[in-house]
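Throughout the sequence shown, residue numbering follows the working numbering, covering 1047 to 1253 in sequence.
Note that beta-carbon positions come from the ideal geometry of N, C-alpha and C, so glycine has one too.
Since the model is a prediction, treat every value here as computed from it, not as a measurement.
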Amino acid sequence: MREVDASQTKRAAAFELWMRAPMPMVTLFKTLDVTNLVKLSRSHNCRFNLLLCWCIGKAASQVEEFYYLPVGEKLMQFDRIAVNTVVATRNGDISTCDIPFAGEFGRFQQDYLRLTDQVRRTGRAYDLGDGCMVIGTSALPQTEIDGAVNIYAGFYNNPFLIWGRYRKRLLKTTLPVSFQFHHTQMDGAHAARFLELLQREIRGLKL
């Protein structure tokens, strides 16, 4: 992570407009076709959440704006990204786990399984600190939801995706997702491109 001069980046105008805005977060809603992920999950005995987190990282890695993040009053640039997931621990609580995004699925799968198991056993969050720009996620498989707006606390500016239980239909399975992001980091067009890339990665994933 390193500080950059915002005026010398493509985010210069957004930095001036939104860094001091009282509510600079934007939320988009999209219904994804996750039929392929459900099939892969069953045929390869692979967790659905793992597959979706991989696709999120893969899509985000193709959008330049994901490597920037407003921190405090500064614009920071990162060389790597990670996907955060919520883990149910053995004592019945929840904790969080950062999984570094690797460009190869097998590596990501190994890290996901190892690190989430570590968090599950110990009850302690696994945090990559300032080493990666972290994309937050939260799955609520207990129920179907149409969308969610995350808490904006003014200090956690990371992009965040939330989803509930996927919806089975005769020939297709869908999943509504909410994507929240800081307007300094990206504009609506960048967020829309990310969501389109996410859908493409989901449909095209092969194991």
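Of the residues the options, the one placed nearest residue i, counting alpha carbons only
i, options, result
"VAL1117", "ASN1204, LEU1078, ARG1160, PHE1147", "ASN1204"
"ASN1130", "ARG1239, LEU1217, VAL1072, THR1183", "THR1183"
"LEU1174", "ALA1185, THR1168, LEU1161", "LEU1161"
"LEU1241", "ARG1057, LYS1076, ALA1060", "LYS1076"
"ARG1213", "VAL1050, ARG1136, ARG1246, LEU1083", "LEU1083"
"TYR1101", "ILE1181, ASN1137, PRO1068, GLU1119", "Residue 1101 is actually Cys in this sequence, not Tyr. The shortest C-alpha separation from CYS1101 is found at ILE1181."
"PHE1151", "LEU1244, LEU1097, ARG1167", "LEU1097"
"LEU1191", "LYS1120, ILE1208, HIS1228", "The sequence given here has Ile at residue 1191, not Leu. Checked all of LYS1120, ILE1208, HIS1228; the closest Cα to ILE1191 is ILE1208."
"LEU1186", "GLU1119, ASN1095, ASP1176, TYR1202", "ASN1095"
"SER1053", "LEU1074, GLN1188, HIS1236, LEU1121", "LEU1121"
"PHE1206", "LEU1216, VAL1195, ARG1215", "VAL1195"
Integer Cβ distance of residue i from residue j, believed to fall under 8 Å
i, j, result
"VAL1132", "ILE1140", "5 Å"
"MET1071", "PHE1124", "In fact, because the Cβ distance is near 19 Å, the residues do not count as touching under 8 Å."
"PHE1112", "MET1179", "6 Å"
"LEU1078", "ILE1197", "With a Cβ gap of about 23 Å, LEU1078 and ILE1197 do not count as contacting."
"HIS1236", "VAL1109", "6 Å"
Per DSSP, the bridge partner or partners of residue i
i, result
"LEU1096", "BP columns for LEU1096 are empty, so no partner."
"SER1141", "VAL1133"
"GLY1118", "Answer by DSSP bridge pairing: none, since GLY1118 is not bridged."
"MET1065", "Answer by DSSP bridge pairing: none, since MET1065 is not bridged."
"GLY1210", "LEU1186"
"HIS1228", "MET1071"
"GLU1049", "MET1122"
"LYS1076", "VAL1223"
"ILE1127", "MET1179"
"PRO1146", "ALA1128"
Span of the beta strand (DSSP E) around residue i
i, result
"GLN1156", "Here GLN1156 belongs to no beta strand (DSSP E); instead the alpha helix (DSSP H) covers 1151-1168."
"SER1089", "Here SER1089 belongs to no beta strand (DSSP E); instead the alpha helix (DSSP H) covers 1081-1089."
Check whether residue i and residue j have beta carbons under 9 Å apart
i, j, result
"CYS1143", "TYR1172", "yes"
"LYS1252", "THR1081", "no"
"GLY1234", "PHE1154", "no"
"GLY1250", "SER1224", "no"
"LEU1221", "ALA1105", "no"
"ARG1211", "GLY1169", "no"
"ALA1060", "MET1232", "yes"
"LEU1063", "THR1230", "yes"
"ALA1128", "ARG1166", "no"
"GLY1138", "SER1107", "no"
Terminal residues of the alpha helix (DSSP H) in which residue i lies
i, result
"PHE1240", "1234-1250"
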